[in-house]
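Before any comments, here is the structure.
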Amino acid sequence: MSAATRSRRKGSVSGEELLDYYNQMLLIRRFEEKTGQLYGMGEIGGFCHLYIGQEAVVVGLEAVAEDGDQRITSYRDHGHMLACGMDPKGVMAELTGRVDGYSRGKGGSMHMFSVERNFFGGHGIVAAQVPIGAGLAFANRYRENGKVCFTYFGEGAANQGQVYETFNMASLWKLPCIFVIENNQYAMGTAQKRASSTPELHTRGQAFGISGEAVNGMDVLSVKAAGERAAGHCRSGKGPYILEMKTYRYRGHSMSDPAKYRTRDEVKKVREESDPIDRIRERIINEGHSDEAALKAVDRDIRAIVNEAAKFATNSPEPPVEDLYTDVYT
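Each residue of the sequence shown is one higher than the last, beginning at 199 in the numbering used here.
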């Protein structure tokens, strides 16, 4: 995010900010599309979960993050990496299992991190990152540094027991932790209404005294506004906050998922009526901040960045066999 964006008064939005959000969301979209292509070509192996459709969530929340804030998430993590400023080349190299990746090719899609960007994963076990996020928030409170931890998990993970153990401790110790539930409507192939007795997941913290709200996760400005409220709550010493982002993923749960549990018409309807990138693109044009030709040029530039990242990744060497014995406990 640009310095100008960070310095803007809270609650306001400028043309420069709108263009910044558009650029970030479009980078994530094009990167994930390229990732899907490389997976189909056999350049990426293992599990791979795309973020297409959910871009507004992480971009909106990164808009309110301050230097030193942490973020931790699940296996659907590429968008989070790009939004916090990790290099697309390093991310793509890790996806293809090369030594120039963020985990030197040993982590892959679900297990990379960046200490420099305060990105603590990428976690493959459902909900495992939630207590770790609270631990990061505990360190912030202990140090009294005014920082918060953005802890992301899905609506499926919201049914895991360790989430509620974490809620209890986070509330008890007033930890500056923003619990972000990325509710994309389907936990693998199971619709939320078939798996959750509580339709409004942001209310799950009430038993622990944790405030929360539901947010239109397809609108980056709504996400940013909610993020400002949550961050203000946490930084002021009031403890954790829950944000339930009502969002939608366009692709299957993972690359091996044919997504037969929903109709094409359902996905098409969301794309046509609620796409986060189309929404902000229309606002940029309608308010005169840019025009069709300029935005097409932005798209070309971003495609070039993504193509360069793919070229860099596929040209990077694979880890040597000796690396099998490094970075292990025994």
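Here a beta-carbon is modelled for each residue, glycine too, at the ideal position from N, C-alpha and C. Note that the structure is a prediction, hence the values are computed from the model and not measured.
{"Asked": "Three-way DSSP call (helix, strand, coil) for residue 370 in this model", "Found": "helix"}
{"Asked": "Beta-bridge pairing of residue 444 - partner residues as DSSP gives them", "Found": "381 and 414"}
{"Asked": "Member of 476, 444, 428 and 448 whose CA lies at the smallest distance from the CA of residue 414", "Found": "444"}
{"Asked": "Straight-line Cα distance separating residue 487 from residue 438", "Found": "37 Å"}
{"Asked": "7 Å CB neighbourhood of residue 422 in its chain, flanking five on each side removed", "Found": "258, 261 and 262"}
{"Asked": "Spatially closest choice to residue 518 from 228, 297, 215 and 269, by CA coordinates", "Found": "297"}
{"Asked": "Inside the stretch 263-344 only - alpha helix (DSSP H) runs reaching at least 4 residues", "Found": "276-281, 286-293 and 327-341"}
{"Asked": "Which of helix, strand or coil DSSP assigns to residue 200", "Found": "Note that residue 200 has pLDDT 46, beneath the 50 cutoff, so the model's placement of it is unreliable and the number below is only indicative. Looking at residue 200 - three-state DSSP - the assignment turns out to be coil, as it is neither helix nor strand."}
{"Asked": "Whole-angstrom distance between residue 294 and residue 504, CA atom to CA atom", "Found": "14 Å"}
{"Asked": "Span of the beta strand (DSSP E) around residue 348", "Found": "347-352"}
{"Asked": "Neighbour-count burial assignment, residue 335, 16 or more Cβ in a 10 Å radius", "Found": "buried"}
{"Asked": "First and last residue of the uninterrupted alpha helix (DSSP H) at residue 223", "Found": "213-238"}
{"Asked": "Under 8 Å between C-beta atoms of residue 345 and residue 292", "Found": "no"}
{"Asked": "Counterpart residues of residue 389 in DSSP-defined beta bridges", "Found": "384"}
{"Asked": "Other residues of its chain near residue 288: CB distance less than 7 Å, five sequence neighbours each side excluded", "Found": "298, 299 and 300"}
{"Asked": "Through-space distance from residue 211 to residue 478, alpha-carbon basis", "Found": "12 Å"}
{"Asked": "Residues near residue 391 in its chain [Cβ-Cβ closer than 8 Å; skip 5 each side]", "Found": "397"}
{"Asked": "Beta bridge counterpart(s) of residue 246 as assigned by DSSP", "Found": "Residue 246 is not bridged to any residue."}
{"Asked": "From 440, 383, 236 and 311, residue whose alpha carbon lies closest to that of residue 459", "Found": "383"}
{"Asked": "Sequence-distant residues of the same chain with beta carbon closer than 6 Å to residue 347, five excluded per side", "Found": "268, 331, 334, 335 and 375"}
{"Asked": "Secondary structure of residue 449, DSSP reduced to three states", "Found": "coil"}
{"Asked": "Any 3 or more C-beta pairs closer than 8 Å across the stretch 222-239 and the stretch 397-413", "Found": "no"}
{"Asked": "Nearest-angstrom Cβ-Cβ length linking residue 474 and residue 253, presumed shorter than 8 Å", "Found": "6 Å"}
{"Asked": "Alpha-carbon to alpha-carbon, residue 493 and residue 277", "Found": "21 Å"}
{"Asked": "CA-to-CA distance, residue 500 to residue 224, given in whole angstroms", "Found": "7 Å"}
{"Asked": "Residue 520 Cβ short of 7 Å to the ligand PLP heavy atom set", "Found": "Among the components of this structure there are no ligands whatsoever, and the ligand PLP is therefore not found."}
{"Asked": "Distance CB(residue 325)-CB(residue 351) smaller than 8 Å", "Found": "yes"}
{"Asked": "For residue 543, the three-state DSSP class (helix, strand or coil)", "Found": "Any property of residue 543 remains undetermined from this structure, which presents the chain solely from 199 to 528."}
{"Asked": "Which of helix, strand or coil DSSP assigns to residue 439", "Found": "strand"}
{"Asked": "Three-way DSSP call (helix, strand, coil) for residue 205 in this model", "Found": "For residue 205, the predicted structure reports a pLDDT of 42, less than 50, and the residue's modelled location is therefore unreliable. A value from the coordinates is still provided. Helix, per DSSP."}
{"Asked": "Residue 473, enclosing alpha helix (DSSP H) - first and last residue", "Found": "Neither: residue 473 is in no alpha helix (DSSP H) and is coded neither H nor E."}
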